[in-house]
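**Student:** Before I ask anything, here is the structure I am working with.
Numbering (our numbering), first residue to last: 25 to 334.
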């Protein structure tokens with residue numbers, strides 16, 4: 025769940041009290057800050073973040089707590105709140121005791137200034153609990169406050185990491201490999217691979233009839249962030265194209281497709297894809313329409329091909 029800046033402020037009266045306290049700073053402080061170059065203030069915040077990383081990796085809980093305001097809060101992904109330097113120091117001390125080899129990396133994504141004495145930083149973290157273990161990734165936002173000429177953390181919130189496109193596609197990763205289905209009409213061979221950045225699955229399909237290849241189809245399957253569903257984009261060797269959206273079912277997937285043939289005619293179908301094991305799946309296509317013609321349902325059983333001998 026992604027939190028907006030407004031909801032981050034709404035988490036706690038502390039954020040508002042910090043705002044009010046800053047607003048009441050002497051006018052001469054505000055004028056002094058306003059005169060400073062913006063990039064100088066951003067550099068100071070980045071230096072503070074670098075100090076946080078250095079101090080965390082040195083496992084110095086007391087020095088870490090000093091980077092926070094006395095009344096600061098830390099809010100975790102489950103909305104549990106820790107308030108005050110003493111509690112924050114205790115939090116980090118417990119972390120270092122439980123994972124004595126832990127290290128952290130921070131990647132700043134943005135720093136936005138609100139007035140002259142507030143700034144919101146967002147970014148991501150990579151924490152390695154123990155050397156050799158899988159790193160844990162997270163997201164965060166920090167409300168920085170300029171007080172007595174020094175930037176300190178006033179409100180820190182941990183946020184869940186949104187799944188990447190590759191994470192979503194793990195639900196279809198079983199498709200990777202070479203597949204074949206044979207019927208009286210011909211043979212269909214499908215090869216499925218990850219794209220280089222692993223944000224898509226790429227399928228190359230060859231239709232073979234009467235001993236010769238009659239059509240080749242390229243398909244790209246990805247996660248559509250707009251519809252929050254899997255989507256397929258298809259292009260065939262004759263100049264046709266199409267797309268489909270996937271919906272999970274109790275036994276597999278339902279795939280509603282629409283396409284345009286090279287002659288301009290349109291087609292649509294509802295396809296059911298049901299895995300029946302690691303190396304088999306059933307493909308059933310119903311509600312098939314090409315132009316104004318209704319076609320009968322089709323059902324085939326697709327089998328994974330074994331790896332070619334090296």
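Quick reminder that beta carbons are idealized off the backbone N, C-alpha and C, glycines included.
What beta strand (DSSP E) runs, 3 residues minimum, are completely inside the stretch 307 to 331?
**Tutor:** Complete beta strand (DSSP E) runs here, min 3: 317 to 319, 322 to 328.
**Student:** What residue from 332, 249, 74 has the CA that sits closest to residue 188's CA?
**Tutor:** Per the Cα distances, 249.
**Student:** Can you list, in chain order, the residues of its chain with a C-beta nearer than 6 Å to that of residue 233? Leave out the 5 residues immediately preceding and following it.
**Tutor:** Excluding sequence neighbours, residue 233 sits near 210.
**Student:** Is the Cβ-Cβ distance between residue 308 and residue 296 less than 7 Å?
**Tutor:** In contact: residue 308 and residue 296 (Cβ atoms closer than 7 Å).
**Student:** Does the Cβ-Cβ distance between residue 101 and residue 153 come in under 7 Å?
**Tutor:** Contact flag unset, no.
**Student:** Sort out for me which residues DSSP pairs residue 175 with in a bridge.
**Tutor:** Per DSSP, 170.
**Student:** Using only CA atoms, which one of 237, 241, 68, 97 lies nearest to residue 166?
**Tutor:** Nearest option by C-alpha distance: 97.
**Student:** So which of 227, 286, 125 has the shortest CA-CA distance to residue 219?
**Tutor:** The residue with the shortest Cα to Cα distance from residue 219 is 227.
**Student:** Confirm, please, whether the CB-CB distance from residue 256 to residue 245 is below 7 Å.
**Tutor:** Their beta carbons are under 7 Å apart, which means residue 245 touches residue 256 by this criterion.
**Student:** Have a look at 267, 290, 179, 128 and flag the residue whose alpha-carbon is nearest the alpha-carbon of residue 83.
**Tutor:** Of the listed residues, the one whose Cα sits closest to residue 83 is 128.
**Student:** Once you ignore the five residues that flank residue 91 on each side, which residues in its own chain have a CB closer than 8 Å to its CB?
**Tutor:** Here the set comprises 72, 75, 76, 79, 176, 177.
**Student:** Along the chain, which unbroken stretches of the beta strand (DSSP E) at least 3 residues long are found entirely within the stretch 252 to 294?
**Tutor:** Correct list: 253 to 260, 265 to 272, 277 to 284.
**Student:** Could you tell me whether the Cβ atoms of residue 286 and residue 268 are closer together than 7 Å?
**Tutor:** Result no, Cβ atoms of residue 286 and residue 268 do not sit closer than 7 Å.
**Student:** May I ask you to list the residues that DSSP assigns as paired with residue 127?
**Tutor:** Paired residue(s): 152.
**Student:** Look at residue 182 and residue 164 and say whether their C-beta atoms are less than 7 Å apart.
**Tutor:** Taking 7 Å as the Cβ cut-off, residue 182 and residue 164 qualify as a contacting pair.
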